[in-house]
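K.L.:
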Amino acid sequence: MATRESTFNVRAVPRRTILKTAAWSVPVIAVAAATPLAAASVAADLQLTPDPRGDTLHGVSPDGLQSYDLSVVASFSATTLGASPTPAGSVVTLTFDSRLFSGPWLTLDTYGGTIVSVASSTTAGNVTTASFTLPVAVPAGTGLTFWPHFAPPAGSTPPWYTDLNGYSVSIAPPAGVTDPVLGNNTVTSNPVYS
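With positions in the sequence shown counted from 1, the corresponding number in the numbering used here is that position plus 6.
#1: Cα separation between L164 and V198?
#2: Which of helix, strand or coil does DSSP assign to G65?
#3: Could you give the DSSP three-state label for L140: helix, strand or coil?
#4: Taking the alpha-carbon positions, what's the S81 to S162 distance?
#5: Compare the Cα-Cα distances from T139 to each of A49, L114 and S174 and report the closest residue.
#6: Quick one: grab the DSSP three-state call for D51.
#7: Of the residues T92, W111, Q53 and L76, which one's Cα is nearest the Cα of N5?
#8: I'd like to know whether the C-beta atoms of S96 and P180 end up nearer to each other than 7 Å.
#9: By DSSP, does G60 sit in helix, in strand, or in coil?
#10: Can you tell me which of P110, P145, S108 and T101 puts its alpha carbon nearest to the alpha carbon of T135?
#11: Which of helix, strand or coil does DSSP assign to L170?
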């Protein structure tokens, strides 16, 4: 009986190769582990546009020598720039002089006049900041129209103030969504004195 001998050429893997492989696999594993977190972050570019309607408050000093005008936009259009809408939960913030305005709320045009109540409100000095959480998504490519409202002022003529604060409206995406372009999220109107 003849025996057949086989020889296998076994090559040992050098330690240097093992170390290189280990060194490269750690960053790859780290990137793979971090990717789901980064992928979960959603971006939405919200844009706030004033609609061409509103009113101008005109106050006159008691001696009639000075006055101010404050333009107040009646409605705004919020749009998501891009292909996907911003999910429900975007926050609209109104900042206003509490000596002129009070008791704010919003209505949504396209949703049968849905009323959105204040989610939070703070006043510092004469400036009130009121925030509202939108119960609907902000559509992509078309506007969601909302109307800020205030309780009726005490008198028919706006009172005279030499230090009136401006009026601004802004929108921010909901938690978990980032807005890469913040420069198109706020509309501000400041009083003009003469």
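C-beta atoms are modelled at their ideal positions from N, C-alpha and C, and glycine is treated no differently.
P.N.:
Walking through what the data contain:
#1: As a first step, residue 164 must be located in the sequence shown, where it is residue number 158. As a first step, residue 198 must be located in the sequence shown, where it is residue number 192. Before going on, a small fix: residue 164 reads as Pro here, not Leu. Between P164 and V198, the C-alpha separation is close to 14 Å.
#2: Start at 1 with the first residue of the sequence shown, and residue 65 comes out as number 59. If DSSP states are grouped into helix, strand and coil, G65 belongs with the strands.
#3: Locating residue 140 in the sequence shown gives position 134, counting from the first residue. Coil.
#4: For the purposes of this step, residue 81 is identified with residue 75 of the sequence shown, where counting begins at 1. For the purposes of this step, residue 162 is identified with residue 156 of the sequence shown, where counting begins at 1. About 22 Å.
#5: Position 133 of the sequence shown, counted from the start, is the residue given in the question as residue 139. Here the closest residue by C-alpha is L114.
#6: Here residue 51 refers to the residue found at position 45 of the sequence shown. In this structure, D51 counts as strand in the three-state DSSP scheme.
#7: Any question about residue 5 goes unanswered here, given that the chain covers just 7 to 200.
#8: Translated into the one-based positions of the sequence shown, residue 96 becomes position 90. Translated into the one-based positions of the sequence shown, residue 180 becomes position 174. In this structure, P180 lies closer than 7 Å to S96 by Cβ.
#9: Along the sequence shown, one-based indexing puts residue 60 at 54. It is a strand residue.
#10: In the sequence shown, the residue the question calls residue 135 occupies position 129. The option with the nearest alpha carbon to T135 is T101.
#11: The residue labelled residue 170 in the question sits at position 164 within the sequence shown. In the structure shown, L170 adopts coil according to DSSP, grouped into three states.
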